[in-house]
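In what follows, a single structure is set out as structure tokens and then discussed.
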Amino acid sequence: MKRDLYTPDHEAFRSSFRTFLTHRALPFTEEWETVGVVGRDFITEAGRQGYLGFEVPEEFGGLGIRDFRYNTVMAEELVDTGAAGDTFTMHNDILTPYLLEQTDDEQKKRWLPGFTNGEAVWALAMTEPGAGSDLAAIRTTARVDGDELVLDGSKIFITNGSSCDFVIVLARSDLAGGGDRETSLIVVEQGTHGFERGKPLHKIGRRAQDTAELFFGECRVPRSNVIGIPGRGFASAMKNLPRERLSMAVLAAASAEKALALALDHTRERQAFGGSLAALQSVRMTLAEMHTEIRVARSYVDRCVVALDAGELTPDEAAGAKYWTTDLQCSVIDRCLQLFGGYGYMEEYPIAKMWRDARVQRIYGGANEVMKEIVGRALVDR
Ligand SMILES: Cc1cc2nc3c(=O)[nH]c(=O)nc-3n(C[C@H](O)[C@H](O)[C@H](O)COP(=O)(O)OP(=O)(O)OC[C@H]3O[C@@H](n4cnc5c(N)ncnc54)[C@H](O)[C@@H]3O)c2cc1C
Numbered sequence: 004m005k006r007d008l009y010t011p012d013h014e015a016f017r018s019s020f021r022t023f024l025t026h027r028a029l030p031f032t033e034e035w036e037t038v039g040v041v042g043r044d045f046i047t048e049a050g051r052q053g054y055l056g057f058e059v060p061e062e063f064g065g066l067g068i069r070d071f072r073y074n075t076v077m078a079e080e081l082v083d084t085g086a087a088g089d090t091f092t093m094h095n096d097i098l099t100p101y102l103l104e105q106t107d108d109e110q111k112k113r114w115l116p117g118f119t120n121g122e123a124v125w126a127l128a129m130t131e132p133g134a135g136s137d138l139a140a141i142r143t144t145a146r147v148d149g150d151e152l153v154l155d156g157s158k159i160f161i162t163n164g165s166s167c168d169f170v171i172v173l174a175r176s177d178l179a180g181g182g183d184r185e186t187s188l189i190v191v192e193q194g195t196h197g198f199e200r201g202k203p204l205h206k207i208g209r210r211a212q213d214t215a216e217l218f219f220g221e222c223r224v225p226r227s228n229v230i231g232i233p234g235r236g237f238a239s240a241m242k243n244l245p246r247e248r249l250s251m252a253v254l255a256a257a258s259a260e261k262a263l264a265l266a267l268d269h270t271r272e273r274q275a276f277g278g279s280l281a282a283l284q285s286v287r288m289t290l291a292e293m294h295t296e297i298r299v300a301r302s303y304v305d306r307c308v309v310a311l312d313a314g315e316l317t318p319d320e321a322a323g324a325k326y327w328t329t330d331l332q333c334s335v336i337d338r339c340l341q342l343f344g345g346y347g348y349m350e351e352y353p354i355a356k357m358w359r360d361a362r363v364q365r366i367y368g369g370a371n372e373v374m375k376e377i378v379g380r381a382l383v384d385r
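Residue 4 is where the sequence shown starts when you use my numbering, and the numbers rise one by one after that.
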């Protein structure tokens with residue numbers, strides 16, 4: 004079966020993005036993993052070359068290309084080359100809809116040029132020490148004081164947390180007369196008095212991506228920093244989740260494919276019992292099972308990408324794609340690592356890094372159990 008998701012334009016884009024990663028990311032990947040953050044000059048260069056926020060209309064500095072297939076090409080190339088960091092996923096898949104669809108014209112003029120030219124790194128802060136899966140339990144507040152909002156509280160596990168120039172914060176804030184049940188999305192700029200970051204958190208994987216705790220104490224921001232409908236922050240954030248979850252599914256399918264390709268090469272070459280590992284029937288069966296499972300995943304994910312672009316992807320379809328493909332990703336990578344034997348457990352083998360990096364996919368963006376709840380409820384309530 005031939006894959007028919009892409010046009011020649013997407014393939015041309017793939018080739019230029021791959022060249023960009025090969026020259027600008029791969030030589031530095033190890034260094035970024037060691038220092039725990041992606042190089043700032045790389046992000047600026049990515050912006051300069053049009054790889055950040057390309058959906059943004061030209062008048063605000065973007066390319067005006069609204070086609071999620073370009074995002075998926077990027078994800079596939081990031082996985083295939085092994086380039087580190089979640090810069091593109093965060094910027095293009097997760098943050099773009101917030102900055103494009105939830106902002107007014109004044110805010111667009113203020114923030115979008117820096118977002119697309121790579122000068123400004125953004126983050127999205129929803130999770131708190133006491134509220135992760137159960138986001139309705141968040142305690143960060145934004146009290147109204149004249150033309151200002153005063154934020155108090157903390158957020159945890161925030162991607163780009165230590166390097167960001169701007170962070171979108173989900174906080175309780177009575178902006179529409181609904182009391183403390185209301186939430187809003189509020190942009191806080193680095194350097195704002197009362198906004199502090201904790202030390203970067205040490206993770207078992209995705210080490211080139213900084214993740215931090217954020218603190219807000221009497222942190223004052225103008226009311227004009229509210230994005231989305233005031234008082235409807237939670238609902239605004241929910242709107243973007245199918246796209247965010249599909250992005251994880253795309254990465255999951257690509258990672259499983261890459262792991263299988265590595266395992267195939269290895270088992271064809273590795274000699275044991277008078278032949279290659281791949282000549283052993285049980286190894287071939289393991290390879291065959293993974294190959295088939297990945298093809299099934301790929302078909303579903305590609306179909307979801309088309310549905311997203313058509314505005315038809317439902318929250319439960321995206322949740323199903325997220326949990327099923329990230330479970331598969333971890334299971335495939337684990338089976339592939341096994342086929343590498345002791346070599347698979349060595350840091351210099353890419354499969355080892357893939358194994359470490361994969362695990363969080365089943366946790367963030369909504370734990371997989373929560374995804375099943377979404378699918379289950381949609382099924383039962385239908
Ligand atoms: C590397 C990393 C990056 C992250 N980046 C961000 C970010 O940029 N912004 C942000 O806001 N957040 C971010 N997060 C937070 C992430 O989204 C949360 O960790 C996730 O939503 C789970 O919340 P929790 O950790 O509080 O786990 P909990 O809510 O305490 O859940 C723990 C476990 O309990 C089980 N569970 C929970 N609820 C249910 C349920 N309803 N049914 C059945 N089982 C359930 C699941 O197994 C779950 O894994 C990041 C996390 C990590 C690890």
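Virtual Cβ for every residue (Gly too), placed ideally from N, Cα, C.
message = I need the straight-line Cα distance from residue 75 to residue 16, nearest angstrom please.
response = 11 Å
Residue environment, residue 328, which counts as buried when at least 16 other CB atoms sit within 10 Å = Counting the other CB atoms within 10 Å of its CB gives residue 328 a total of 16 or more, which places it among the buried residues.
key: residue 99 - containing alpha helix (DSSP H), residue span   = 99-104
ask   = Sorry if obvious, but does the Cβ on residue 168 come closer than 7 Å to a heavy atom of ligand 1?
value = no
task = Closer than 7 Å by C-beta to residue 89: which residues in its own chain qualify, once you throw out the five before and the five after it? Chain order, please.
result = 162, 209, 212
ask   = What is the residue span of the alpha helix (DSSP H) that residue 31 lies within?
value = Here residue 31 belongs to no alpha helix (DSSP H), and DSSP marks it neither H nor E.
request  = Use the C-beta contact count for residue 105: other C-beta atoms within 10 angstroms, 16 or more gives buried, fewer gives exposed.
outcome  = buried
inquiry  = Does residue 218 come out as helix, strand or coil in the three-state DSSP assignment?
reply    = strand
key: Reference residue 250, options 193, 205, 271, 324, closest by Cα   = 324
task = Using 7 Å as the cut-off, classify the Cβ of residue 376 as near or not near the heavy atoms of ligand 1, replying yes or no.
result = yes
key: Alpha carbon of residue 182 to alpha carbon of residue 126, nearest angstrom   = The alpha-carbon of residue 182 is positioned some 27 Å away from that of residue 126.
ask   = Between the C-alpha atoms of residue 113 and residue 260, what's the straight-line distance to the nearest angstrom?
value = 40 Å
query = Which two residues bound the contiguous beta strand (DSSP E) that contains residue 173?
reply = 169-175
message = With H, G and I counted as helix, E and B as strand and the rest as coil, what does DSSP make of residue 69?
response = coil
query = Using the rule of at least 16 other Cβ atoms within 10 Å of the residue's Cβ for burial, across every protein chain shown, is residue 225 buried or exposed?
reply = The C-beta of residue 225 has fewer than 16 other C-beta atoms within 10 Å across all chains shown, which makes the residue exposed.
inquiry  = I need the DSSP call for residue 161, collapsed to helix, strand or coil.
reply    = strand
message = Considering Cα atoms alone, identify which of 383, 382, 269 is closest to residue 353.
response = Comparing Cα-Cα distances from residue 353 to each of 383, 382, 269, the minimum goes to 269.
request  = Pair every Cβ in the stretch 48-68 with every Cβ in the stretch 116-130, then say whether three or more of these pairs are closer than 8 Å.
outcome  = Enough Cβ pairs lie closer than 8 Å, so yes.
request  = Measure from the C-beta of residue 267 to each C-beta in chain B and report whether the shortest distance is under 8 Å.
outcome  = The structure shown contains no chain B; it holds only a single protein chain.
task = My understanding is that residue 133 touches residue 215, with C-beta atoms under 8 Å, so please give their C-beta distance in whole angstroms.
result = Incorrect: roughly 17 Å between the Cβ atoms, too far for contact.
ask   = Between the stretch 82-102 and the stretch 32-51, do at least 3 Cβ pairs fall closer than 8 Å?
value = Cβ pair count under 8 Å is three or more, so yes.
ask   = What did DSSP end up calling residue 57 once you bin it into helix, strand or coil?
value = coil
request  = Tell me, please, whether the stretch 284-295 touches the stretch 239-247 by the rule of three or more beta-carbon pairs shorter than 8 Å.
outcome  = no
request  = Return the residue from the list 43, 121, 72 that minimises the CA-CA distance to residue 12.
outcome  = 72
message = I'd like to confirm something about residue 14: is its beta-carbon nearer than 7 Å to some heavy atom of ligand 1, or not?
response = no
message = Here's the rule I'm using: 16 or more other beta-carbon atoms within 10 Å means buried, otherwise exposed. How should residue 389 be labelled?
response = Past the boundaries of the shown model lies residue 389; the chain is included only from 4 to 385, so the question cannot be answered.
inquiry  = Quick check on the DSSP output: the beta strand (DSSP E) that includes residue 148 runs from which residue to which?
reply    = 144-148
message = At a cut-off of 7 Å, would you count residue 160 as near ligand 1, judging by its Cβ distance to the nearest heavy atom?
response = yes
task = Leaving aside the five residues before and after residue 55 along the sequence, list all residues of the same chain whose C-beta is less than 6 Å from its C-beta, in chain order.
result = 49, 94, 119, 121
Inter-residue spacing [alpha-carbon to alpha-carbon] between residue 217 and residue 166 = 11 Å
key: Simplified DSSP state of residue 377, which is helix, strand or coil   = Looking at residue 377 - three-state DSSP - the assignment turns out to be helix.
ask   = What's the gap between the Cα of residue 177 and the Cα of residue 42?
value = Between the alpha carbons of residue 177 and residue 42 lies a distance of about 39 Å.
ask   = What is the DSSP secondary structure of residue 354, reduced to helix, strand or coil?
value = Assignment of residue 354 by DSSP, reduced to helix, strand and coil, places it in the helix class.
query = How would you write the range of the beta strand (DSSP E) that residue 336 sits in, first residue to last?
reply = Looking at the DSSP string, residue 336 is not in any beta strand (DSSP E); the run it does join, the alpha helix (DSSP H), is 318-342.
request  = Please confirm whether residue 96 and residue 247 have their CB atoms less than 8 Å apart.
outcome  = The Cβ atoms of residue 96 and residue 247 sit closer than 8 Å to each other.
message = If distances are taken between C-alpha atoms only, which option among 355, 53, 297 comes closest to residue 19?
response = Residue nearest to residue 19 within the set 355, 53, 297 is 53 (criterion: CA-CA distance).
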